[in-house]
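Visitor: Below: one structure in structure tokens.
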């Protein structure tokens, strides 16, 4: 656990509140999946909440975010409403992608959330392009991309790191190293398992961070953001984390020991941080109950919203393949 | 009316676009200092600077995807890929992102990207620089596929492509760059319709890009034999302009398609299928096609020529359709 950081009480509780919101949303999503209300692939983020919460609180308003198929938490923290996320998983018209994307493809133009990308490594070069566009237009907003450590075996990652460093673009590469690319352990898929060393070879500054500690994630991201605003090009952060659940709802988890999972659960970001807040006198049992109740209420409201949602008419099947406006 | 080449017409289109809209920039391998593999962008670096004429590393996947990101971020990128074979390294972002993003986001994000590349054979560049894969791209919903075959289209298609909110891929046949002629500056250019390049009564010959010249040469030869051929230049390979095709076939009642793609699963197959679906009872003969032989394009000149559609083959196929084989 990191050293106590003197945050204002409200901000400290907000970090915990947001981790709880993600956790409860996903636990409910898993139940709904069991009931057949949500279909397709569903990848849960449970155990990794400190990364999305810490990192996204450190980004500025309007910074572009690109995430992977395990992105419910990132979407929520970027400001997409839980209602729109749940409705999307239900395949409803009220979903943030009108039911065209599902769990893996959450999008939101208003908050500059550019997905929800189910191609491993696919989001990295997009973030490079978003940062390029911003810089060419004289803006100061950053582009952040989240991806798993498995993506660093993809050519897209190497190419993107090279391009971002070559052009000194403000791209924050956020690697969520949860040790397994689906079911393949890092050492079984990449010769160089020191990810920072790998990235530094591209002349991208890199730092490894305890991804189970929301404060550590927030502080490291804040520093990276400051550095990038000073015009030092891209940054890479490795967040060492762990997913407590299977890769997806179809995964029997044959590749890892139950004991390993249990050991990591002891370092779970939610209970360690709430213990920290209590020790610092920023939270008591009543306060925690209130945050829990708030998160559960938001989730139930989202379920009700999705249940009451409508289906896109089949006559609209072909909409949004092309933009309706016609050129000369 | 000015005398120019296809290459210069493309460059003029680029120059106009760069001058008209500060959001437009060109990036790709060797587009800057080298002046473009086919010398299309020669001189533009000096004129517009390194910010807007960007040399990229040899990494097609990332610079095409970065183009998509830049388009999402409010710019109007023109990305040049040296040759269609290399575009396969960027198939992932083109297919999984550019073509799908608008739909997957429920209509929230359009991708105003323009991608240019050389396609086709005829320069003895062998199999890894000579293929005609535009038909593959024309299979993908969400992309628009253009094939300028004339000087007017070489110059004029770029601007409407940049105005289009969706990803547009422009395929330039590598044998056309040296094409020289008189460009009609007043010609209207759209990116939606096919054009009748020669009117005729007996047969509709449908083609595009590098095969247009061969088709017109064949039509000229057939005219000497009393066969009147209507030549249609598709221009836009996806979405296809069925109306122009069908109107012509209804007049001539015969269809021949010339396509440099391989025969199996070709664009030619799609065009024939559409005409048969929509006008079977109006046809006086089974439709026919002249495509590339199903072989990786060889280096040796005589073999390369034998692999590609050529004027004598087109003439023979036309005669056959009219029962004059």
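Chains as they are written, first to last, in this note's numbering: chain V, 1 to 328; chain U, 1 to 325. Glycine residues also receive a C-beta, built at the ideal position from the N, C-alpha and C atoms. Note that the coordinates shown come from a computational prediction; the quantities given were computed from them, not determined experimentally.
(1) Which residues in chain V sit within 8 Å of residue 110 of chain U, going by Cβ to Cβ distance?
(2) Taking all protein chains shown into account, decide if residue 178 of chain V is buried (16 or more other Cβ within 10 angstroms of its Cβ) or exposed.
(3) Which of the three DSSP states, helix, strand or coil, is assigned to residue 1 of chain V?
(4) Helix, strand or coil for residue 326 of chain U? Go by DSSP, reduced to three states.
(5) Helix, strand or coil for residue 192 of chain U per DSSP?
(6) Considering only DSSP beta bridges, list what residue 258 of chain V is partnered with.
(7) Please return the same chain residues whose Cβ sits closer than 6 Å to the Cβ of residue 267 of chain V, not counting the five positions on each side in sequence.
(8) State the Cα-Cα distance for the pair residue 292 of chain U and residue 120 of chain U, rounded to the nearest angstrom.
(9) Closer than 8 Å by beta-carbon distance: list the chain U residues that pair up with residue 70 of chain V, in chain order.
(10) In three-state terms, what does DSSP make of residue 213 of chain U?
(11) Along the alpha helix (DSSP H) that carries residue 156 of chain U, what are the first and last residues, could you check?
(12) Cβ of residue 36 of chain V less than 8 Å from any chain U Cβ?
(13) Can you list, in chain order, the residues of its chain with a C-beta nearer than 6 Å to that of residue 290 of chain U? Leave out the 5 residues immediately preceding and following it.
(14) Classify residue 75 of chain U: buried if its beta carbon has 16 or more other beta carbons within 10 angstroms, exposed otherwise.
(15) Using the beta-carbon count (16 or more within 10 Å), is residue 12 of chain U buried or exposed?
(16) Pull the bridge partners of residue 272 of chain U from the DSSP assignment, please.
(17) Report the three-state DSSP secondary structure of residue 78 of chain U (helix, strand or coil).
(18) Please report the distance separating the alpha-carbon of residue 95 of chain U from that of residue 316 of chain V.
(19) Taking C-beta to C-beta, are residue 251 of chain U and residue 283 of chain U nearer than 8 Å?
(20) Measuring only the C-alpha atoms, how far is residue 319 of chain U from residue 78 of chain U?
(21) Strictly under 8 Å for the Cβ-Cβ distance: is residue 136 of chain V near chain U by that measure?
(22) Alpha carbon to alpha carbon, how far is residue 116 of chain V from residue 74 of chain V?
(23) Should residue 248 of chain U and residue 230 of chain U be called a contact, given that it needs their Cβ atoms to be closer than 8 Å?
(24) I need the DSSP call for residue 66 of chain V, collapsed to helix, strand or coil.
(25) What residues of chain U sit near residue 320 of chain V, judged by a beta carbon separation below 7 Å?
(26) Whole angstroms are fine: how far does the CA of residue 69 of chain U sit from the CA of residue 112 of chain U?
(27) With a threshold of 8 Å between beta-carbons, can residue 1 of chain V be considered close to chain U, or not?
(28) Which ranges does the alpha helix (DSSP H) cover as unbroken runs of at least 4 residues, wholly within the segment 109 to 183 of chain V, from first to last along the chain?
(29) Within the 8 Å Cβ cut-off, does residue 57 of chain U reach chain V?
(30) Counting Cβ pairs, one atom from each stretch, are 3 or more of them under 8 Å apart for the segment 133 to 152 of chain V and the segment 80 to 91 of chain U?
(31) Starting from residue 145 of chain U, follow its DSSP beta bridges and name the residues at the other end.
(32) Taking the continuous alpha helix (DSSP H) assigned at residue 189 of chain V, which residues delimit it?
(33) Would you mind telling me which residues of chain V sit closer than 8 Å to residue 25 of chain U, beta carbon to beta carbon, in chain order?
(34) Taking 7 Å as the line, does the beta carbon of residue 113 of chain U fall inside it for any heavy atom of the ligand MG?
(35) Could you list which residues in chain V have their beta carbon closer than 9 Å to that of residue 82 of chain U, in chain order?
(36) Let me make sure I understand the geometry here. Which of U:180, U:159, U:128 and U:184 has the alpha-carbon closest to that of residue 213 of chain U?
Guide: In short:
(1) Sequence index remark: in the second chain, residue 110 of chain U carries index 110 (1-based). Neighbours of residue 110 of chain U on chain V, chain order: 323.
(2) Walking along the first chain from the start, residue 178 of chain V turns up at place 178. When all chains shown are included, residue 178 of chain V counts as buried.
(3) Against the first chain, residue 1 of chain V aligns to sequence position 1. With a pLDDT of only 47 at residue 1 of chain V, under the threshold of 50, the placement of this residue in the model should not be trusted, and no figure is reported.
(4) Because chain U in this structure spans residues 1 to 325, residue 326 of chain U falls outside the shown range and cannot be described.
(5) In the second chain, residue 192 of chain U corresponds to position 192, counting from 1. Residue 192 of chain U: coil per DSSP, three-state reduction.
(6) Against the first chain, residue 258 of chain V aligns to sequence position 258. BP columns for residue 258 of chain V are empty, so no partner.
(7) Start at 1 with the first residue of the first chain, and residue 267 of chain V comes out as number 267. Once the five neighbours on either side are set aside, the close Cβ partners of residue 267 of chain V are 212.
(8) One-based indexing of the second chain puts residue 292 of chain U at position 292. One-based indexing of the second chain puts residue 120 of chain U at position 120. Their backbone Cα atoms lie some 10 Å apart in a straight line.
(9) Working through the first chain from its first residue, we reach residue 70 of chain V at position 70. Near residue 70 of chain V there are no residues of chain U at all, since even the closest Cβ is about 16 Å away, more than 8 Å.
(10) Walking along the second chain from the start, residue 213 of chain U turns up at place 213. Residue 213 of chain U: helix per DSSP, three-state reduction.
(11) Your numbering for residue 156 of chain U matches position 156 in the second chain. Element bounds for residue 156 of chain U: 151 to 156.
(12) Within the first chain, numbered from 1, the residue matching residue 36 of chain V stands at position 36. Not an interface residue.
(13) What you label residue 290 of chain U is simply residue 290 of the second chain in a count that begins at 1. Once the five neighbours on either side are set aside, the close Cβ partners of residue 290 of chain U are 258, 309, 313, 314 and 317.
(14) For the purposes of this step, residue 75 of chain U is identified with residue 75 of the second chain, where counting begins at 1. Residue 75 of chain U is buried by the Cβ-count criterion.
(15) The residue you call residue 12 of chain U lines up with position 12 of the second chain. Per the 10 Å Cβ criterion, buried.
(16) The residue given as residue 272 of chain U occupies position 272 in the second chain. In the DSSP output, where bridge partners are listed per residue, residue 272 of chain U has none listed.
(17) As a first step, residue 78 of chain U is located in the second chain; it is residue number 78 there, counting from the start. Three-state DSSP puts residue 78 of chain U in a strand.
(18) Position 95 of the second chain, counted from the first residue, corresponds to residue 95 of chain U. Position 316 of the first chain, counted from the first residue, corresponds to residue 316 of chain V. Computed Cα separation, rounded: 22 Å.
(19) Translated into the one-based positions of the second chain, residue 251 of chain U becomes position 251. Translated into the one-based positions of the second chain, residue 283 of chain U becomes position 283. Result no, Cβ atoms of residue 251 of chain U and residue 283 of chain U do not sit closer than 8 Å.
(20) By 1-based counting over the second chain, the position of residue 319 of chain U is 319. By 1-based counting over the second chain, the position of residue 78 of chain U is 78. Going by the C-alpha atoms only, they are around 43 Å apart.
(21) Within the first chain, the letter at position 136 stands for residue 136 of chain V. True, the Cβ-Cβ gap to chain U drops below 8 Å.
(22) Along the first chain, read from residue 1 onward, the residue named residue 116 of chain V stands at position 116. Along the first chain, read from residue 1 onward, the residue named residue 74 of chain V stands at position 74. When rounded, the distance between both Cα atoms is 9 Å.
(23) On the second chain, position 248 is the one that residue 248 of chain U refers to. On the second chain, position 230 is the one that residue 230 of chain U refers to. Yes, they are a contact pair.
(24) Looking up residue 66 of chain V in the first chain gives position 66. Of the three classes helix, strand and coil, the one that applies to residue 66 of chain V here is strand, per DSSP.
(25) Against the first chain, residue 320 of chain V aligns to sequence position 320. Going along chain U in sequence order, the residues near residue 320 of chain V (Cβ under 7 Å) are 102, 103, 106 and 107.
(26) Here the question's residue 112 of chain U lines up with position 112 in the second chain. Here the question's residue 69 of chain U lines up with position 69 in the second chain. Near 10 Å, if we compare the C-alpha coordinates of residue 69 of chain U and residue 112 of chain U.
(27) The residue you call residue 1 of chain V lines up with position 1 of the first chain. The pLDDT assigned to residue 1 of chain V is 47, lower than 50, so where the model puts this residue is not dependable; a value taken from the coordinates is nonetheless given after this. No, because no Cβ of chain U sits closer than 8 Å to the Cβ of residue 1 of chain V.
(28) 123 to 136 and 155 to 166
(29) The sequence position of residue 57 of chain U within the second chain is 57, counting from 1. Residue 57 of chain U counts as touching chain V.
(30) no
(31) Start at 1 with the first residue of the second chain, and residue 145 of chain U comes out as number 145. Residue 145 of chain U pairs with U:169 and U:238.
(32) The residue you call residue 189 of chain V lines up with position 189 of the first chain. Start and end: 186 to 189.
(33) Working through the second chain from its first residue, we reach residue 25 of chain U at position 25. The answer, in chain order, is 136.
(34) Absent from the structure shown: the ligand MG. Ligands present: none.
(35) The residue labelled residue 82 of chain U in the question sits at position 82 within the second chain. Correct list: empty, because the minimum Cβ distance to chain V is about 16 Å.
(36) The count along the second chain starts at 1 and reaches residue 213 of chain U at position 213. Nearest option by C-alpha distance: U:180.
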